[in-house]
Amino acid sequence: MEGSAENSVDAATSVEQQAEAVARAFVDHYYNLFDNSRPALAALYHHTSMLSFEGQKARGAEEIARRLAALPFDRCRHHVSTVDCQPSPASPGGILVFVSGCLQLPGEEHQLRFSQMFQLMPTPQGSFFVQNDIFRLVYG
């Protein structure tokens, strides 16, 4: 029985390490696209995806892409401070990702703090898409 418990712990650790690697790679890719090629973000979403950006909601890749393109700034620079993630047993293969950091807008002296949550879901092709995306600026 002891060996079985060790195997379970090893498997859980492996799943967590894989989730961590996927989450970090995703975060780097997402913010690179957001900062430099925002229209390309549409490919990361699915027709069932949902976005809540500062309380404004959008559903589906096309509507989400339109909402992000309509933001009142063309370029920005994200500085990620933390990336926390967990495998999502309720959604097999899914990964919950929480990001915090700062956002620098052109011409602005001060950075804005933000937090963002992603629920990543696997695709049949072996990649991931964003099922849920919640973004908030952090004031105070």
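Residues 3 to 142 in the numbering used here are what the sequence shown lists, from first letter to last. Think of the CB as a built atom: it goes at the ideal place given N, C-alpha and C, for glycine as much as any other residue.
When burial is assigned at 16 or more other CB atoms within 10 Å of the CB, is residue i buried or exposed?
i    : result
D135 : buried
A42  : exposed
F116 : buried
A63  : buried
F141 : Inspection of the sequence shows that residue 141 is occupied by Tyr rather than by Phe. It counts as exposed.
Please state the DSSP three-state secondary structure of residue i.
i    : result
F55  : strand
L73  : coil
Q127 : coil
Y141 : coil
S16  : helix
H80  : strand
By the DSSP assignment, the alpha helix (DSSP H) with residue i in it spans what residues?
i   : result
R40 : From DSSP, R40 is part of no alpha helix (DSSP H); its letter is neither H nor E.
Apart from the five residues just before and just after residue i, which ones in its own chain have a Cβ nearer than 7 Å to its Cβ?
i    : result
T125 : F131
Taking the beta strand (DSSP E) that residue i belongs to, which residues open and close that run?
i    : result
G96  : 96-106
P144 : Nothing can be reported for residue 144: it is not among the residues displayed for the chain, which extend from 3 to 142.
Segment contact flag, the stretch 85-101 with the stretch 61-76, C-beta cutoff 8 Å, min 3 pairs:
no
Could you say if the stretch 32-40 and the stretch 49-65 meet the contact criterion of at least three C-beta pairs nearer than 8 Å?
no
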